[in-house]
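>
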Amino acid sequence: MNTMKKIPFNILAPAFEAHAAEYEEAALRVLRSGWYVLGAEVESFEREFAAYLGASHCVGLNSGLDALVLAVRALGIGPGDEVIVQANTYIATVLAITACGAAPVFVEPDEYHGLDTARAEAAVTPRTKAILPVHLYGQPCGMEELLDIAERRGLAVIEDCAQSHGAMWRGRKTGTLGTVGCFSFFPTKNLGAFGDAGALVTEDGALADRVRTLRNYGSKEKYVNEIEGVNSRLDELQAALLRVRLRFLDAINAERAAIAARYGELIRSPFVVKPRLRPEGTHIFHLYVVECDHRDRLQEHLSARGIGTQIHYPIPPHRSGAYARLGYGRGSFPEAERLAERVLSLPLYSGMNEDDILSVCDAVNSFRP
Ligand SMILES: *Cc1c(COP(=O)(O)O)cnc(C)c1O
Numbered sequence: 085m086n087t088m089k090k091i092p093f094n095i096l097a098p099a100f101e102a103h104a105a106e107y108e109e110a111a112l113r114v115l116r117s118g119w120y121v122l123g124a125e126v127e128s129f130e131r132e133f134a135a136y137l138g139a140s141h142c143v144g145l146n147s148g149l150d151a152l153v154l155a156v157r158a159l160g161i162g163p164g165d166e167v168i169v170q171a172n173t174y175i176a177t178v179l180a181i182t183a184c185g186a187a188p189v190f191v192e193p194d195e196y197h198g199l200d201t202a203r204a205e206a207a208v209t210p211r212t213k214a215i216l217p218v219h220l221y222g223q224p225c226g227m228e229e230l231l232d233i234a235e236r237r238g239l240a241v242i243e244d245c246a247q248s249h250g251a252m253w254r255g256r257k258t259g260t261l262g263t264v265g266c267f268s269f270f271p272t273k274n275l276g277a278f279g280d281a282g283a284l285v286t287e288d289g290a291l292a293d294r295v296r297t298l299r300n301y302g303s304k305e306k307y308v309n310e311i312e313g314v315n316s317r318l319d320e321l322q323a324a325l326l327r328v329r330l331r332f333l334d335a336i337n338a339e340r341a342a343i344a345a346r347y348g349e350l351i352r353s354p355f356v357v358k359p360r361l362r363p364e365g366t367h368i369f370h371l372y373v374v375e376c377d378h379r380d381r382l383q384e385h386l387s388a389r390g391i392g393t394q395i396h397y398p399i400p401p402h403r404s405g406a407y408a409r410l411g412y413g414r415g416s417f418p419e420a421e422r423l424a425e426r427v428l429s430l431p432l433y434s435g436m437n438e439d440d441i442l443s444v445c446d447a448v449n450s451f452r453p
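If you want my numbering, it's the position in the sequence shown, counting the first as 1, plus 84.
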């Protein structure tokens with residue numbers, strides 16, 4: 085007989101249930117309005133998200149990938165140009181660079197899983213146009229050094245904030261530190277929509293204007309197409325739902341940080357390395373990622389105890405089939421490859437209670453390789 089309680093890696097429904105009436109009211113308001121694409125809800129969300137971050141301009145888009153692609157494109161980066169990016173990211177970051185015809189220049193991560201700043205500077209060439217740090221797992225990269233390199237070398241900084249909504253670097257929110265900040269509102273993100281959605285923020289009004297034109301078939305005025313655009317519009321329904329969730333983002337981040345703090349206190353396995361925290365930043369714990377020499381066996385051990393985990397990410401982009409053409413063999417970026425074999429993300433979701441946390445920690449602490 086098995087009475088073991090299962091703990092999933094993630095569940096999204098409790099975050100909806102906690103404020104169901106507000107989400108339902110927002111959804112019905114849009115359904116009854118008769119206006120579904122690019123309207124008052126999108127404008128309000130753009131204004132509110134920009135205000136939350138302390139940014140001047142926000143443009144709502146279809147996805148986080150589109151935010152990155154349109155940022156690269158609007159900066160005029162294309163064939164012959166290079167963009168420096170960390171090797172241990174989600175493939176979307178790299179796809180944004182190659183989608184514009186530019187070349188990704190991979191750089192190994194530092195001990196916080198962020199872009200290593202010294203190696204980023206060493207990777208700059210006359211073709212480099214931008215640095216693309218990823219605030220991976222919810223922790224900001226070393227922005228002081230990156231902004232300094234960018235300024236000295238005349239480069240743009242594109243922040244991938246798909247996992248860092250509300251994370252701060254020395255009191256400023258990620259996304260407002262570089263030239264442009266790119267956000268995903270995929271449902272699992274800390275600021276998650278109920279479908280696909282994204283946005284970018286910037287202080288550069290002309291850049292925001294270009295992206296606004298690009299997202300709507302290259303037109304500002306209906307049927308007047310100035311440039312070759314795309315369809316990457318944020319819809320009214322997602323914008324209305326995001327406006328509700330944005331009001332709870334700080335609470336969501338605080339709840340996740342509290343769960344991470346309990347993990348930090350209670351996990352005491354000598355076989356597990358807990359995430360290192362930067363003193364200058366606040367980590368919003370999109371993911372709680374540990375490292376282990378025997379990762380696959382740890383994952384099986386937890387799974388046998390009913391605990392779900394995931395790996396972010398098992399194959400670094402440079403080793404993926406999508407980029408076989410780049411010709412990077414095993415060992416090209418050994419640290420990123422080593423992380424791909426060592427990282428494991430523990431359960432972390434809104435509504436996770438103390439019993440669940442204790443069960444996960446007991447299971448981790450009972451692991452023997
Ligand atoms: C989720 C994510 C993206 C892509 O966002 P989508 O909305 O799924 O297109 C990009 N970069 C990182 C680091 C992500 O985690």
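Each residue gets a CB set at the ideal place from its N, CA and C atoms; glycine is no exception.
According to the Cβ coordinates, are E243 and P217 closer than 7 Å?
Yes; because the gap between Cβ atoms is below 7 Å, this pair is in contact.
> Report whether the distance from the Cβ of D244 to the nearest heavy atom of ligand 1 is below 6 Å.
It does: the Cβ of D244 is within 6 Å (strictly closer) of some heavy atom of ligand 1.
> Just to confirm my understanding: we take E375, look at its own chain, exclude 5 residues before and 5 after, and list those with CB closer than 8 Å. What are they?
Excluding residues within five positions, the ones whose Cβ falls inside 8 Å are V356, V357, L423, R426, V427 and L428.
> Rounded to whole angstroms, what is the Cα-Cα separation between G148 and S248?
One C-alpha to the other measures close to 12 Å.
> Rounded to a whole number of angstroms, what is the C-alpha to C-alpha distance between S316 and V295?
Cα to Cα, S316 sits roughly 10 Å from V295.
> How should A456 be labelled, buried or exposed, when 16 other C-beta atoms within 10 angstroms of its C-beta is the threshold for buried?
This structure gives no information on residue 456, because the portion of the chain shown stretches from 85 to 453.
> Let me know the secondary structure DSSP gives S128 once reduced to three states.
Three-state DSSP puts S128 in a helix.
> Is the beta carbon of F93 less than 7 Å from the beta carbon of Q322?
For F93 and Q322, no; Cβs fall outside 7 Å.
> What does the Cβ neighbour count give for G411, buried or exposed, with the cut at 16 atoms within 10 Å?
So G411 counts as exposed.
> In whole angstroms, what is the alpha-carbon distance linking A97 and F270?
Rounded to whole angstroms, A97 to F270 spans 14 Å at the Cα level.
> Check this for me: beta carbons of A281 and L318, under 7 Å apart or not?
Contact: yes.
> Relative to the C-alpha of E166, which residue among Y136, K306 and A204 is closest?
If we check each option's Cα against that of E166, A204 comes out closest.
> What separation, rounded to the nearest whole angstrom, lies between the Cα atoms of R409 and C184?
Straight-line Cα distance between these residues: approximately 16 Å.
> Between P431 and V444, is the Cβ-Cβ spacing less than 7 Å?
Contact flag set, yes.
> Check whether the Cβ of F129 lies closer than 6 Å to any heavy atom of ligand 1, and answer yes or no.
Not so, every heavy atom of ligand 1 lies at least 6 Å from the Cβ.
> When DSSP labels each residue in this structure, what does V328 get in the three-state scheme?
Three-state result, V328: helix.
> Between the C-alpha atoms of S387 and D232, what's the straight-line distance to the nearest angstrom?
Cα to Cα, S387 sits roughly 45 Å from D232.
> With 16 other CB atoms within 10 Å as the buried threshold, where does I39 fall?
No information on residue 39 is available, as it lies outside the stretch 85 to 453 that the chain covers here.
> What residues match up with C266 in a beta bridge as DSSP calls it?
Partner(s): D244 and L284.
> Alpha helix (DSSP H) containing H385: first to last residue?
It spans R379 to A388 - the alpha helix (DSSP H) in which H385 sits, taken as one unbroken run.
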